[in-house]
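Structure first, commentary second.
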Amino acid sequence: MFQLILLSCFAKIKQDRSISSVYHILKGKKSAQTIQDMRLYDLGSYFGIYKSLNRAEFDEEVRYLNKVGAISNPTDNFVYLTNKGKDILNSKNQLDIDILNGQAFEHIAPLFEKRFMLAIQVASHLRLNKLSFIPIVEDETAQKWIKEMMISKGFSANLFLSHLYDELLEIGESLSNYWMEIFVDRITSDKQVGQSIQQLSINYNKSNHDIHLILTAVFHYIFTKIEKDKYQYKLLAYISDGLWIDNSLTISARKTYEYVQQGYTIETIAKQRNLKANTIYDHLIEIAYVDKTIKWQTLLPDANYFKILEAIKKSNTGKLKDIKQLLPESISYFQIRLVIALNNEKMMG
Amino acid sequence: MKQTIEYQLENIFGHTSFKLGQKEIIEDVINGKDVLGILPTGSGKSVCFQLPGLIFGGTTIIVSPLLSLMVDQVKQLKASGIKDVVAINSMLDPVKRAQVLENLYKYRLIYISPEMLQNEFILKRLIKLNIKLFVIDEAHCISQWGHEFRPDYLKIKDIINQLDQPPVLALSATATEEVQNDILAILDRPNMKKHIYPIDRKNISLVVEDLPDRKAKIDYLIALLKQRKIPTMIYFSSRKEAEQITLILREQLDNFSIAYYHGGLEQDERLLIQQQFMKNQLDIICCTSAFGMGINKSDIRLIIHYHLPTQLESFIQEIGRAGRDGEQCISIVLYSKNDVQIPRNLFHSELPSTDITSGFINSLENLQFNTTNEIEKYVYDFQIFNETQWRFIRYHLEDFLIIQKDKLDISSEKLVQFDRFIKVKIEERLKYKHHKLNDLIEWVDHSRCRREKLYQHFQSNYSQVEEFCCDNCGLALEEWHPKENNKFDGTSLGWKERLRWVLLQEKNNESNAERNH
Ligand SMILES: [Zn+2]
Numbered sequence: 001m002f003q004l005i006l007l008s009c010f011a012k013i014k015q016d017r018s019i020s021s022v023y024h025i026l027k028g029k030k031s032a033q034t035i036q037d038m039r040l041y042d043l044g045s046y047f048g049i050y051k052s053l054n055r056a057e058f059d060e061e062v063r064y065l066n067k068v069g070a071i072s073n074p075t076d077n078f079v080y081l082t083n084k085g086k087d088i089l090n091s092k093n094q095l096d097i098d099i100l101n102g103q104a105f106e107h108i109a110p111l112f113e114k115r116f117m118l119a120i121q122v123a124s125h126l127r128l129n130k131l132s133f134i135p136i137v138e139d140e141t142a143q144k145w146i147k148e149m150m151i152s153k154g155f156s157a158n159l160f161l162s163h164l165y166d167e168l169l170e171i172g173e174s175l176s177n178y179w180m181e182i183f184v185d186r187i188t189s190d191k192q193v194g195q196s197i198q199q200l201s202i203n204y205n206k207s208n209h210d211i212h213l214i215l216t217a218v219f220h221y222i223f224t225k226i227e228k229d230k231y232q233y234k235l236l237a238y239i240s241d242g243l244w245i246d247n248s249l250t251i252s253a254r255k256t257y258e259y260v261q262q263g264y265t266i267e268t269i270a271k272q273r274n275l276k277a278n279t280i281y282d283h284l285i286e287i288a289y290v291d292k293t294i295k296w297q298t299l300l301p302d303a304n305y306f307k308i309l310e311a312i313k314k315s316n317t318g319k320l321k322d323i324k325q326l327l328p329e330s331i332s333y334f335q336i337r338l339v340i341a342l343n344n345e346k347m348m349g
Numbered sequence: 001m002k003q004t005i006e007y008q009l010e011n012i013f014g015h016t017s018f019k020l021g022q023k024e025i026i027e028d029v030i031n032g033k034d035v036l037g038i039l040p041t042g043s044g045k046s047v048c049f050q051l052p053g054l055i056f057g058g059t060t061i062i063v064s065p066l067l068s069l070m071v072d073q074v075k076q077l078k079a080s081g082i083k084d085v086v087a088i089n090s091m092l093d094p095v096k097r098a099q100v101l102e103n104l105y106k107y108r109l110i111y112i113s114p115e116m117l118q119n120e121f122i123l124k125r126l127i128k129l130n131i132k133l134f135v136i137d138e139a140h141c142i143s144q145w146g147h148e149f150r151p152d153y154l155k156i157k158d159i160i161n162q163l164d165q166p167p168v169l170a171l172s173a174t175a176t177e178e179v180q181n182d183i184l185a186i187l188d189r190p191n192m193k194k195h196i197y198p199i200d201r202k203n204i205s206l207v208v209e210d211l212p213d214r215k216a217k218i219d220y221l222i223a224l225l226k227q228r229k230i231p232t233m234i235y236f237s238s239r240k241e242a243e244q245i246t247l248i249l250r251e252q253l254d255n256f257s258i259a260y261y262h263g264g265l266e267q268d269e270r271l272l273i274q275q276q277f278m279k280n281q282l283d284i285i286c287c288t289s290a291f292g293m294g295i296n297k298s299d300i301r302l303i304i305h306y307h308l309p310t311q312l313e314s315f316i317q318e319i320g321r322a323g324r325d326g327e328q329c330i331s332i333v334l335y336s337k338n339d340v341q342i343p344r345n346l347f348h349s350e351l352p353s354t355d356i357t358s359g360f361i362n363s364l365e366n367l368q369f370n371t372t373n374e375i376e377k378y379v380y381d382f383q384i385f386n387e388t389q390w391r392f393i394r395y396h397l398e399d400f401l402i403i404q405k406d407k408l409d410i411s412s413e414k415l416v417q418f419d420r421f422i423k424v425k426i427e428e429r430l431k432y433k434h435h436k437l438n439d440l441i442e443w444v445d446h447s448r449c450r451r452e453k454l455y456q457h458f459q460s461n462y463s464q465v466e467e468f469c470c471d472n473c474g475l476a477l478e479e480w481h482p483k484e485n486n487k488f489d490g491t492s493l494g495w496k497e498r499l500r501w502v503l504l505q506e507k508n509n510e511s512n513a514e515r516n517h
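Sequences listed follow chains A and B, in order. Heads up, the first sequence is in the numbering used here, so the first residue is 1 and it goes up one at a time. Heads up, the second sequence is in the numbering used here, so the first residue is 1 and it goes up one at a time.
Written as structure tokens, this is what we have:
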């Protein structure tokens, strides 16, 4: 699969761009150049699908493609597909790689996967009343999310598992058995500890890259399904909650977003990142446009929220200054901007 | 009080009784005495400080050089519901670290690496705490005659003196008398109460197999392993060989589940392999010494050293992971004469070569560094020394006052002296390591009881065993019948069945389980 993706990329960029540009696409580099490449050469599906790829592995794979005669010699950093390469690309079933949609999902996939894996482990242990186990996902953001899920009203490990089973079974039906075998092997519950990428690679006689990409593709397929119908895949949609943040966030705001999700205060974030508090406030506004699920109450008491909302409605111009005049001194411009952002629906994912 | 600590033991850890030595050490610690505890691996050393730490109000500091051990202990404590524990080490990301440091007083147990302890900022924070107990784990690291000498351990004494004189508990699983005395002297606590327990383990049989080459080793492994399916660890000195032997064994041993583990794997992947082994989902694990530090698995039955270890201390520690449940288990060393070169090469990677060191000293004179950081960056950027080598050099530079707290003092005179000194020091360390290796080889070549020989360096006596003592006392492996691993279920099903099973949707079991609740 990885080789097929590489061939497809090289075919698309022709010899306009270097092989490094393909590497950056796969890594999902957020630079103006890479984003432009992605748009210009129609590489959106592969954007950010392989963030853990390192350059040495990438180069090795490129050298291999050259060795088997599928591409020209990569020494000058530019390659084209040989006839053999074209044949390989055309003869293979493209449906598999068509499932990938990095541009739309690259920012959802990593955290979703962590939540998904950890939630299954936690729910299966709770279901059997086993309270002592070592979480397989160490990511604190994911752990925090799980904790909140478990204490949320109406949470039942039993229902969680049975809904998840139904949804995965349905989704899996339209994927190849082969992929689903790998996917299920990867899951950790009370019954089994998931297999590492390395183990899957040995068991299924595929490269590490292919295993990674197959798992990624299954997740992308799940996202496509959720996007189409949140209500049919209620549980999977629930796991993805708050992750459908728009790609338009700047990298700096995204970093802030991660810290906010981990519960850090504005002051701590500003101090640690060596930024002014005002910059962090700007990030928060940016985030508020795209993610409404973060707990804003610490920044804005409920009472003020409603006051501001009313003032926005009352004000004819919608200008910040006019709104501010309708409100008590103590309410800041930031809080007003925040309420405006939170009530702006157009960018909701 | 006695009732209380026993009650706490059950309450916190779920153990109904203390293991050998634990209670005596804990009682002395609670009574405010300084204690040196030598307990065999697998005897629950950590309970000796975790229990008092959790009973005391205030904070317990645990200095530990082993990152993975620290992380595993914190994980295990958290899994058992004790949340106010933390590990401060280089792996913590800066924001998280800042948050931890701001809230240090909230933690009852603080694990910290010796490097972090030397960070002025962190030290200042620690001084403000109400520290009730100061623990030095792996205390043999303090002595240069200990098998894992860590120069930065020598500074611990100064740090303790800056604190409000809390009682000190030094723990180790392997320390010769020489090392024990060193610990007391370096900590400057001559009245430390010693609790020394024999480290020989009656339930571990000792076997050495002379095998001429790699092929013989592989044939031997396959013939041996295929007889019984039991939790097995195979230690390697090289990551690559661990991987390759895994592949060969997988091919040759049907129905066995085998994986490898070494420091080169991603953290998430390591965690999966570890837990598979814990759950007996894996039968055999091919690993380097990176594995096993924090492994709390009680039923490991067979420990094989595919390569020769570097000295008896680490060997004793590694085999100590077997049979913690007290059941019979076996250690087998696969020995081929050529292997001796492997640890020798390892020594040279642990100590800088005298040539490179001289070159480095030259550049100290010529490159006009202004700060320690500049030197350190230079060392890493140009890969002059690896981490272990640099730690060694750096310590001695500090000792010579060439590197000082906030300045450098580089003069030609001093450098000439240093050059002379460090060469002698490197030779001395190498000689020492070779001497330790020779002890090990002597043991391997020994023709009488291996048990007697193995422990003679560490204690005056050992418990004799009748059956399954060692190969030289006539051990018959075919008479050994340990309980075997069940076949791991769920592997042969198709994905739909397996998904159902993994997500606990098996109709029959489910309704039964519900009725039982
Ligand atoms: Zn014997």
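Even for Gly, the Cβ is constructed at its ideal location relative to N, Cα and C. No experiment lies behind these values; they were computed from the predicted model shown.
Straight-line spacing of the CA atoms in residue 86 of chain A and residue 102 of chain A works out to 24 Å. In its chain, beyond the 5 residues on either side, 52 have a beta carbon closer than 6 Å to the beta carbon of residue 30 of chain B. Distance from the C-beta of residue 452 of chain B to the nearest heavy atom of ligand 1 is below 8 Å. Within the chosen limit of 8 Å, ligand 1 does not reach the beta carbon of residue 329 of chain B with any heavy atom. Restricting attention to alpha helix (DSSP H) runs no shorter than 4 residues, the segment 51-135 of chain B encloses them at 67-79, 94-102, 114-117 and 120-127, ordered along the chain. Looking from the CA of residue 262 of chain B, the closest CA among B:343, B:426 and B:270 belongs to B:270. In the structure shown, the three-state DSSP call for residue 494 of chain B is coil. Neighbours of residue 498 of chain B in chain A, taken as residues whose beta carbon is under 7 Å from its own, are 184 in chain order. Distance from the CA of residue 139 of chain B to the CA of residue 172 of chain B, rounded to the nearest whole angstrom, comes to 5 Å.
Per DSSP, the continuous alpha helix (DSSP H) segment holding residue 172 of chain A begins and ends at 157-173.
The contact set of residue 94 of chain B on chain A, defined by CB atoms closer than 8 Å, consists of 272 in chain order. A straight line joining the alpha-carbon of residue 403 of chain B with that of residue 370 of chain B spans about 10 Å. Secondary structure at residue 141 of chain B: helix, using DSSP grouped into helix, strand and coil.
Counting the other Cβ atoms within 10 Å of the Cβ of residue 10 of chain B gives fewer than 16, which makes it exposed.
For residue 268 of chain A, the chain B residues whose Cβ falls inside 9 Å of its Cβ are 95, 98, 99 and 102, in order along the chain. Within the segment 308-334 of chain A, no run of beta strand (DSSP E) at least 3 residues long lies entirely inside it. What residue 169 of chain A touches in chain B, judged by beta-carbon distance under 7 Å, is 496 and 499, going in chain order. When the beta-carbon positions are compared, residue 336 of chain B and residue 319 of chain B stay at least 9 Å from each other. Separation of residue 179 of chain A and residue 244 of chain B (C-alpha to C-alpha, rounded to the nearest whole angstrom) is 27 Å. With a cutoff of 8 Å, residue 472 of chain B counts as near ligand 1, since its C-beta is closer than that to a heavy atom of the ligand. Residue 471 of chain B places its beta carbon less than 9 Å from that of residue 206 of chain B. As computed with DSSP, residue 209 of chain B is found in a beta bridge with B:334.
The criterion of a C-beta distance shorter than 9 Å is satisfied by residue 3 of chain A and residue 70 of chain A. Here residue 159 of chain B really is in contact with residue 123 of chain B; their C-beta atoms are around 7 Å apart, less than 8 Å.
Within its own chain, the residues whose Cβ lies closer than 6 Å to the Cβ of residue 281 of chain A, once the five positions on either side in sequence are excluded, are 334, listed in chain order.
Taking C-beta separations shorter than 7 Å and ignoring five residues to either side along the sequence, the partners of residue 354 of chain B in its chain run 423 and 426, following chain order. The beta carbon of residue 336 of chain A sits closer than 7 Å to the beta carbons of 308, 320, 323 and 324 from its chain, once the five residues preceding and following it are set aside; these are given in chain order. Listed as beta-bridge partners of residue 206 of chain A by DSSP are no residues whatsoever. For residue 300 of chain B, the secondary structure class from DSSP, reduced to helix, strand or coil, is coil. Closer than 8 Å at the C-beta level to chain A, one finds these residues of the segment 58-82 of chain B: 75, 76, 79, 80 and 81. One finds 193 in chain A with Cβ atoms closer than 7 Å to the Cβ of residue 279 of chain B, taken in chain order. A residue is called buried when at least 16 other Cβ atoms come within 10 angstroms of its Cβ; residue 213 of chain B does not meet this threshold and is exposed. Between residue 273 of chain B and chain A, the shortest Cβ-Cβ separation is below 9 Å. The nearest non-hydrogen atom of ligand 1 is 8 Å or more from the C-beta of residue 118 of chain A. Annotation for residue 97 of chain B: 88 place their beta carbon closer than 8 Å to its own, counting only its chain and skipping 5 residues before and after. One alpha carbon belongs to residue 117 of chain A, the other to residue 485 of chain B, and they sit about 27 Å apart.
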